[in-house]
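Trainee: Dropping the structure in here first, questions after.
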Amino acid sequence: MRRPVPVRPTRALALAGAAAVSMSLLAACGGDDGDKASAADAVAVTATDDSCEVAKKDLAAGKNTFKVTNKGSKVNEFEVLKPDGSILAERENIGPGTKVDFVVNLSAGAYKVLCSAGQTGKGPTQDVTVSGQANGAGDQRLTQAAAAYKAFVITNVNDTIAKTRLFVDAVKANDVAKAKELYAPSRVGWETIEPVAEKFGDIDPKVDAREADLSPAERKTWSGWHLLEKALWKDGSVKGKGKVGDQLLADLGTLKSRLPGLTLDPVNDMAAGAKELLDEVATGKVTGEEEAFSHTDLVDFKANVDGAAKVYELLKPVVQQKDPQLAKDLDENFAAVGALLKKHEKGDGYESYDKVGKDDRKELADAVNALGEPLSKLGGAVAR
Amino acid sequence: MTDAGSQEDARERTGAPAEQGGRLSRRRMLGFSGASLLVGAAAGAGLDRVASAAEEKPAAGGSIPFRGPHQAGIATPVQDRLHFASFDVTTGDRAKLVGMLKEWTAAAAAMTAGRAIGQGAVGGLAVAPPDDTGEAEGLPPSRLTLTIGFGPTLFEKDGKDRFGLKARRPAALVDLPHFPGDNLDPARSGGDIAVQACADDPQVAVHAIRNLARIGFGVVAVRWSQLGFGKTSSTTPDAQTPRNLFGFKDGTENIAGTDRALLDRHVWAAAGDGSGWMAGGSYMVARRIRMHIETWDRTSLREQEDIFGRSKGEGAPAGAAKERDTIVLARMKPDAHVRLAHPDSNGGSRILRRGYSFTDGSDGLGRLEAGLFFIAFQRDPRTGFIRIQQSLAGDAMNEYIQHVGSGIYACPPGVKEGTYWGQGLFEG
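Here's what the structure looks like:
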């Protein structure tokens, strides 16, 4: 998992019932140095601790710049809500007395804007109506990519649940050899789509926390894969750990139940997620910290890379058109990392990472850096 | 009793009044550097070099021209801080390497002028990572220089001519021989390309290396790097010779960055030297020299001074009163450092030294992981560093130092407008 950071409650996520994937491309492209061109006819929003005034309520479809001024005393948060109440886009941390430009791409429809003083997710709202046809907005290829990616996420969560079930069965039988064998495969689906799962701040710490990252108090309620990993490899027994296994399955079930309503954005979720997957590899896997006891880091490594590769594959038609050199770099570097991983294949899986020497680790780290750098440019290329 | 006695000795030799020693020299140093900028030319003979150095030296924080006949960072007055990095080329694709060198050149030109890379740290798209990493925003150029060099392995590695450059390897770019006492760590030695970043602000130097490394991902990977926090050499003879971590002034006789005749003779490679593309360039030797600080500190002052061949306070050569008094080698012990390193002991060999002190925390045994990151530029390492280092085999100082990292690099001549680093090598 990612290093623990203060996580916001799940309400920050779009958990609407609607299965449709919305296009909030450029949703997070806010900030004072935002889009100056469209800032000319920006929509002024004045937020106070108990009000949310919008200067213009009939908006044209396409890129809209909200110029949000916080005249209140608390830190404010500005949200654009879809008709079903789920969040289309949000801009957090607007300090008292400050002003930000926040660009949101809107298609025709009825929306609400919300100002949340104190950033509780609650606050006064205003209705806005968007009409017309956005020029250039809503690239069909991106809509399709987002839909395909969502299907990919669901497939992987299903896969991880199915394999975790087998793993948990072995744990319950205290069949240590079998459980060890099933441990790494059970995590592959999870590791492939991990940034999406991390959007739900409550699930990741429950299923994928590493002991070393927890405070003494948190260790008392430690759960998930890595607890079982330690029991299997360090203690050599998972006797009485059946409950941990059941909890793991239950938490993954919760993740699965939330997926249908999930809104995934090509830039902010897909491309940023691919970059995060490589970050995971660079900080957790290359160092061997993720699987401190089982040393199955290379299995996770491969899953992370595959997850990033899937994102790229889906966005590739757009990247090839907008930045062909980037597409070329990504093709080459995904291939290079793949070839390097192949060197470490062993049986159905990979070499134990404690057997991977310093020179090989350096080689892997170099390849990950070489891929991570162009991958960090994917979002910008798609948004351009 | 003996201690007191040797202290008296030292004072006598340095000629400094007993109660003023350290304080006086520090005050003098401060006053002097101020004078060199403000009223440098006021006084008569002997100070004319002060004036010319002051003209060359931009105001604190200013910029050093990136382009010119020679690369900056060699004859340039030594800046306060160093970040040195050695890179391995990770691609076999020559075109990619050349492409990166072009990108590096543009980035180096921008950074040395105090500008950010590309669209800067905040100028780009909000959903894309910024072109520049940003930690040098708002800082002056700080006399940043970036100096590139090519290691032997770029020309040939494990018998392979990787980039079709084998035939262009200069004869002077030899593999350094093993010197007695060497304990080189391969992970801190060698490398295909080296970049020396020097600046008066450490953040500016680190920013430069960090951004070059970032641009290079996929083409090069950092093999090793070294931070240096204090200069140990001066190429401006008027300035106070800095002290190394042994507390001594070393390199008083360094080549002055303004002495064109000496530079041409000992530092700059010439067209007739064998490699046309290196004309106007220089060869850099870098050595990570660990100092055994703790045992040194337990050594008596007399022995320390004998080892160096200079007094500790003034830096005067043995038997003389002032730092720049004529050196009489015969007055020094036969194994004194200055005596063995001196041109007169090495057939007239001279090198331009540009080393920095380093301290990388401690070594796990409670000792400072500290020393000298030695950098020298010369026209030909065979008659420069190698010659001198061989004669230092009997150096009394060797008991207190160990060479633990090493590199040799061919630094091409300066970059002209419209050309890139190493263009002469790849396209000549």
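These protein sequences, in sequence, are chains A and B. Just so we're aligned, residue 1150 is where the first sequence starts under the numbering used here, counting upward by one. Just so we're aligned, residue 812 is where the second sequence starts under the numbering used here, counting upward by one. Quick reminder that beta carbons are idealized off the backbone N, C-alpha and C, glycines included. Keep in mind that this is a model prediction, so the values were computed, not measured.
Which residue wins for smallest C-alpha separation from A917(B), given the options D969(B), L1038(B) and G1027(B)?
Mentor: Your numbering for residue 917(B) matches position 106 in the second sequence. It is G1027(B) whose Cα lies nearest to the Cα of A917(B).
Trainee: Which class does L849(B) belong to by DSSP, given the choice of helix, strand or coil?
Mentor: Residue 849(B) sits at position 38 when you count from the first residue of the second sequence. Low per-residue confidence applies at L849(B): pLDDT is 36, beneath 50, and the placement is therefore not dependable, though the value from the model is reported in the following sentence. Reduced to three states, the DSSP call for L849(B) is helix.
Trainee: For the segment 1346-1426 of chain A, which segments carrying the alpha helix (DSSP H) assignment without a break, of at least 4 residues, lie completely within its bounds, in sequence order?
Mentor: Fully enclosed alpha helix (DSSP H) runs of 4 or longer: 1352-1357, 1365-1368, 1374-1379 and 1391-1407.
Trainee: Can A1295(A) and L1413(A) be called in contact, C-beta distance under 7 Å?
Mentor: The sequence position of residue 1295(A) within the first sequence is 146, counting from 1. The sequence position of residue 1413(A) within the first sequence is 264, counting from 1. For A1295(A) and L1413(A), yes; Cβs fall inside 7 Å.
Trainee: Which residues in chain A sit within 7 Å of F1028(B), going by Cβ to Cβ distance?
Mentor: The residue you call residue 1028(B) lines up with position 217 of the second sequence. By Cβ distance, chain A contributes N1518, A1519 and E1522.
Trainee: When the Cβ atoms of the segment 886-895 of chain B are set against those of the segment 931-940 of chain B, are three or more pairs found closer than 8 Å?
Mentor: In short, these stretches do not touch, since the Cβ pair count stays below three.
Trainee: Which runs of the alpha helix (DSSP H) at least 4 residues long sit entirely within the segment 961-1033 of chain B? Give them in chain order.
Mentor: Within the segment 961-1033 of chain B, the complete alpha helix (DSSP H) runs of at least 4 residues are 963-966 and 1013-1027.
Trainee: So, is the C-beta of V938(B) closer than 7 Å to a C-beta in chain A?
Mentor: Reading the second sequence from its first residue, position 127 is the one you call residue 938(B). Yes, V938(B) counts as interfacial toward chain A.
Trainee: Does the distance from the C-beta atom of V1393(A) to that of L1381(A) stay below 7 Å?
Mentor: Numbered from 1 along the first sequence, position 244 holds the residue referred to as residue 1393(A). Numbered from 1 along the first sequence, position 232 holds the residue referred to as residue 1381(A). Not a contact, by the Cβ cut-off of 7 Å.
Trainee: Of the choices V1356(A), V1435(A), V1531(A) and I1352(A), whose alpha-carbon is the least far from that of Y1332(A)?
Mentor: Along the first sequence, one-based indexing puts residue 1332(A) at 183. Checked all of V1356(A), V1435(A), V1531(A) and I1352(A); the closest Cα to Y1332(A) is V1356(A).
Trainee: I believe V1468(A) touches L1520(A) by the beta-carbon criterion, under 8 Å. Please report the beta-carbon distance rounded to the nearest angstrom.
Mentor: Reading the first sequence from its first residue, position 319 is the one you call residue 1468(A). Reading the first sequence from its first residue, position 371 is the one you call residue 1520(A). 14 Å between Cβ atoms; not a contact.
Trainee: Look up Y1260(A) in the DSSP assignment and give the residues it is bridged to.
Mentor: Numbered from its first residue, the first sequence carries residue 1260(A) at position 111. V1277(A).
Trainee: Measure the beta-carbon distance from F1535(A) to K1379(A) and round it to whole angstroms, keeping in mind my assumption that it falls under 8 Å.
Mentor: Lying before the first or after the last residue shown, residue 1535(A) is absent from chain A, which here runs from 1150 to 1533.
Trainee: Tell me, please, whether the CB atom of A1532(A) is closer than 7 Å to any CB atom in chain B?
Mentor: Position 383 of the first sequence, counting from 1, holds the residue named residue 1532(A). Yes, because at least one Cβ of chain B sits closer than 7 Å to the Cβ of A1532(A).
Trainee: Going along chain B, which residues have a C-beta under 8 Å from K1492(A)?
Mentor: Translated into the one-based positions of the first sequence, residue 1492(A) becomes position 343. The premise fails here: K1492(A) is roughly 15 Å from chain B at the closest Cβ pair, so nothing lies under 8 Å.
Trainee: Output the distance between the C-alpha atoms of A1420(A) and L1426(A), rounded to the nearest integer angstrom.
Mentor: Within the first sequence, numbered from 1, the residue matching residue 1420(A) stands at position 271. Within the first sequence, numbered from 1, the residue matching residue 1426(A) stands at position 277. Using only the alpha carbons, I get a separation of about 10 Å.
Trainee: A1032(B) CB to nearest chain A CB: under 7 Å?
Mentor: In the second sequence, counting from the first residue as 1, residue 1032(B) sits at position 221. Yes, A1032(B) counts as interfacial toward chain A.
Trainee: How far does the beta strand (DSSP E) with V1253(A) in it extend, from its first residue to its last?
Mentor: Start at 1 with the first residue of the first sequence, and residue 1253(A) comes out as number 104. Run containing V1253(A): K1248 to L1255, per the beta strand (DSSP E) assignment.
Trainee: Is it true that the CB of S1044(B) sits closer than 7 Å to the CB of R1164(B)?
Mentor: If you number the second sequence from 1, residue 1164(B) lands on position 353. If you number the second sequence from 1, residue 1044(B) lands on position 233. In contact: R1164(B) and S1044(B) (Cβ atoms closer than 7 Å).
Trainee: Compare the C-beta of V1435(A) against all C-beta atoms of chain B and say whether one is closer than 7 Å.
Mentor: Indexing the first sequence from 1 puts residue 1435(A) at position 286. So no, V1435(A) is outside the interface.
Trainee: Do we get a CB-CB distance below 7 Å when we pair V1416(A) with the residues of chain B?
Mentor: In the first sequence, the residue the question calls residue 1416(A) occupies position 267. Cβ-Cβ to chain B under 7 Å: yes for V1416(A).
Trainee: Please report the Cβ distance between Y1499(A) and K1451(A), rounded to the nearest whole angstrom; I am assuming they are in contact, meaning their Cβ atoms lie under 8 Å.
Mentor: On the first sequence, residue 1499(A) is found 350 positions in, with the first residue counted as 1. On the first sequence, residue 1451(A) is found 302 positions in, with the first residue counted as 1. Confirmed, about 7 Å.
Trainee: Kindly say whether T944(B), judged by its beta-carbon, lies nearer than 7 Å to any beta-carbon of chain A.
Mentor: One-based indexing of the second sequence puts residue 944(B) at position 133. No, T944(B) lies away from the interface with chain A (no Cβ there is under 7 Å from its Cβ).
Trainee: Among I1104(B), M911(B) and L1056(B), which one has its Cα closest to the Cα of L1176(B)?
Mentor: Here residue 1176(B) refers to the residue found at position 365 of the second sequence. The option with the nearest alpha carbon to L1176(B) is I1104(B).
Trainee: Between G1244(A) and chain B, is any beta-carbon pair separated by less than 7 Å?
Mentor: Indexing the first sequence from 1 puts residue 1244(A) at position 95. Closer than 7 Å: no.
Trainee: For a minimum of 3 consecutive residues, which ranges assigned as the beta strand (DSSP E) are wholly contained in the segment 1165-1195 of chain B?
Mentor: Taking only runs of at least 3 residues, the beta strand (DSSP E) segments lying wholly in the segment 1165-1195 of chain B are 1167-1173 and 1179-1189.
Trainee: Nearest-angstrom Cα distance between G1410(A) and E1228(A)?
Mentor: Residue mapping note: residue 1410(A) aligns to position 261 of the first sequence, counting from 1. Residue mapping note: residue 1228(A) aligns to position 79 of the first sequence, counting from 1. Those two C-alpha atoms are separated by around 18 Å.
Trainee: Is the beta carbon of L984(B) sitting closer than 7 Å to the one on Y1231(B)?
Mentor: Taking the second sequence and counting its residues from 1, the one referred to as residue 984(B) is at position 173. Taking the second sequence and counting its residues from 1, the one referred to as residue 1231(B) is at position 420. Result no, Cβ atoms of L984(B) and Y1231(B) do not sit closer than 7 Å.
Trainee: Among the residues of its own chain, which have a CB less than 6 Å from the CB of D1506(A), if the five just before and after it don't count?
Mentor: For the purposes of this step, residue 1506(A) is taken as the residue at position 357 of the first sequence. Sequence inspection shows Gly at residue 1506(A); the Asp mentioned does not correspond to that position. Excluding positions up to five away in sequence, the list is empty.
Trainee: Suppose only complete runs of 3+ residues qualify. What are the beta strand (DSSP E) ranges in the segment 1041-1123 of chain B, listed by chain order?
Mentor: Whole beta strand (DSSP E) segments, 3+ residues: 1093-1102.
Trainee: Counting only beta-carbon atoms, is T1052(B) nearer than 7 Å to chain A?
Mentor: Within the second sequence, numbered from 1, the residue matching residue 1052(B) stands at position 241. It does not; no Cβ of chain A falls within 7 Å.
Trainee: Which whole-angstrom value describes the C-beta separation of T958(B) and C1222(B), a residue pair presumed to lie in contact below a C-beta threshold of 8 Å?
Mentor: Within the second sequence, the letter at position 147 stands for residue 958(B). Within the second sequence, the letter at position 411 stands for residue 1222(B). That pair is a contact at about 6 Å.
Trainee: When Cβ atoms are compared, which residues of the segment 877-911 of chain B fall closer than 7 Å to chain A?
Mentor: For the segment 877-911 of chain B, which is checked against every Cβ of chain A, the residues closer than 7 Å are T901.
Trainee: What separation, rounded to the nearest whole angstrom, lies between the Cα atoms of E1438(A) and R1359(A)?
Mentor: Taking the first sequence and counting its residues from 1, the one referred to as residue 1438(A) is at position 289. Taking the first sequence and counting its residues from 1, the one referred to as residue 1359(A) is at position 210. Answer to the nearest angstrom: the Cα atoms are 9 Å apart.
Trainee: Would you verify that the beta carbon of D1250(A) is, or is not, closer than 7 Å to some beta carbon of chain B?
Mentor: For the purposes of this step, residue 1250(A) is taken as residue 101 along the first sequence, with counting starting at 1. False, the Cβ-Cβ gap to chain B never drops below 7 Å.
Trainee: Buried or exposed: Q1200(B), going by 16 or more other Cβ atoms within 10 Å of its Cβ?
Mentor: For this step, residue 1200(B) is matched to residue 389 along the second sequence. The residue is buried, with at least 16 neighbouring Cβ atoms inside 10 Å.
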